[in-house]
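Read left to right, the sequence shown gives residues 286 to 582 (my numbering). All C-beta atoms in this analysis are idealised placements derived from N, C-alpha and C, irrespective of residue type, glycine included. The structure displayed is predicted, hence computed values, not measured ones. To start, the structure under review is shown below, and the notes come after it.
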Amino acid sequence: METTHKAGFVALAGLPNAGKSTLLNALLKFKLSIVSPKPQTTRHRILGIMEGEGFQVCFLDTPGLLSEAKDPLQKALRVEASRALREDADLIIYLVDVAEADPAKAEAPSLREGTPVLLVLNKCDRQVPEAKIAALEAAYSERLKPAKVFRLSALKGQGVEELKVEVLARLPENPPFYEKGQLSDRWERFFASEIVREQVFDLYYDEIPHATAVVVDTFREHPGKPDQVYATLYVERDGQKGILIGAGGKDLRRLTERAKAALENFLGREVELEVWIKVRKDWRKDPRSLKEFGYLS
Numbered sequence: 286m287e288t289t290h291k292a293g294f295v296a297l298a299g300l301p302n303a304g305k306s307t308l309l310n311a312l313l314k315f316k317l318s319i320v321s322p323k324p325q326t327t328r329h330r331i332l333g334i335m336e337g338e339g340f341q342v343c344f345l346d347t348p349g350l351l352s353e354a355k356d357p358l359q360k361a362l363r364v365e366a367s368r369a370l371r372e373d374a375d376l377i378i379y380l381v382d383v384a385e386a387d388p389a390k391a392e393a394p395s396l397r398e399g400t401p402v403l404l405v406l407n408k409c410d411r412q413v414p415e416a417k418i419a420a421l422e423a424a425y426s427e428r429l430k431p432a433k434v435f436r437l438s439a440l441k442g443q444g445v446e447e448l449k450v451e452v453l454a455r456l457p458e459n460p461p462f463y464e465k466g467q468l469s470d471r472w473e474r475f476f477a478s479e480i481v482r483e484q485v486f487d488l489y490y491d492e493i494p495h496a497t498a499v500v501v502d503t504f505r506e507h508p509g510k511p512d513q514v515y516a517t518l519y520v521e522r523d524g525q526k527g528i529l530i531g532a533g534g535k536d537l538r539r540l541t542e543r544a545k546a547a548l549e550n551f552l553g554r555e556v557e558l559e560v561w562i563k564v565r566k567d568w569r570k571d572p573r574s575l576k577e578f579g580y581l582s
């Protein structure tokens, strides 16, 4: 008797900082997407693959949906997020941060007609009045017409298994889209740049994280020896470069040490990491720089 196989693409959508990357990592039980309490951490569409007996789920972690774009970079992020919702997804998981969202300002993104939506009210481990959570559920249910609503905490893993069961139940019948054991469609070089960028978000404040782009110039594997990873951080001003470096290079050394440890944990092998900093004035407004850094095709 022939057994059926289910496979499909599931987009994770929502406003910036709703917890999309945290949910992806919780579903995969592996830290694939970088996370930060600062908004707009995710700049690329990240594909994370979850598989098991008879199924393959291709999760799409998208940049946060911005109501307006203030520069060409933000415009590119809006396009990237919208494309996943309108073209790629068989199912959409729309996340709402119950601690920060305002029921009176609930908005619905433009979705492909007929694509089912699961509404996820995230961060329910926070001390949020039940009345507010109920108001958010009502407001977003009216706009999104979800097939089902979930209340969970992606950070603590509460309610994630129930969401996974619903996702699997709604997958269409398809053969696998990717080879068995494949975790993403991105190369290790890409994740190396993301891991370095995550440290910028963790260690610096104000405009520094958003004004920084990371390019991995060299990624060499050496059997029996540490991998060589050389990365360049691009900022927009000389003053930002000085902040990243710190007095006597102290802050840059700390960033490099933390990124090295995180990268070794991700890859499961030793890494020799070197990081340089360069100024590319107003790169967020420059289409050529955005294309070079991978934000425009």
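- The C-beta of residue 568 has 16 or more other C-beta atoms within 10 Å across all chains shown, which makes the residue buried.
- Uninterrupted alpha helix (DSSP H) stretches at least 4 residues long and entirely within the stretch 307–374 occur at 357–368, given in chain order.
- Ranked by Cα distance from residue 551, the first of 477, 514, 577, 528 is 477.
- Annotation: the continuous beta strand (DSSP E) that includes residue 505 extends over 498–507.
- When the beta-carbon positions are compared, residue 441 and residue 410 come within less than 7 Å of each other.
- In the DSSP secondary-structure assignment, residue 560 is bridged to 516.
- If the five residues before and after residue 424 are omitted, its C-beta is found closer than 6 Å to the C-beta atoms of 388, 391, all from its own chain and listed in chain order.
- Sequence-distant partners of residue 380 (beyond 5 residues in either direction) whose C-beta falls short of 6 Å from its own C-beta, in its chain, are 299, 303, 304, 305, 405, 407.
- In this structure, residue 439 lies near residue 307, with their beta-carbon atoms less than 7 Å apart.
- Under the three-state reduction of DSSP output, residue 398 falls in the coil class, being neither helix nor strand.
- In the DSSP assignment, no residue is bridged to residue 387.
- According to DSSP, residue pairing for residue 489 in a beta bridge does not occur.
- Between residue 545 and residue 560, the CB-CB gap reaches or exceeds 7 Å.
- Per DSSP, the continuous alpha helix (DSSP H) segment holding residue 445 begins and ends at 445–455.
- Per DSSP, the continuous alpha helix (DSSP H) segment holding residue 527 begins and ends at 523–530.
- Beta-bridge annotation (DSSP): residue 436 is paired with 406.
- For the pair residue 527 and residue 360, the Cα-to-Cα distance works out to about 28 Å.
- Straight-line measurement puts the Cα of residue 426 at about 33 Å from the Cα of residue 338.
- The shortest C-alpha to C-alpha distance from residue 418 to any of 383, 397, 393 is the one to 383.
- In the DSSP assignment, residue 294 falls within the unbroken beta strand (DSSP E) covering 291–299.
- With 16 or more other Cβ atoms inside 10 Å of its own Cβ, residue 328 counts as buried.
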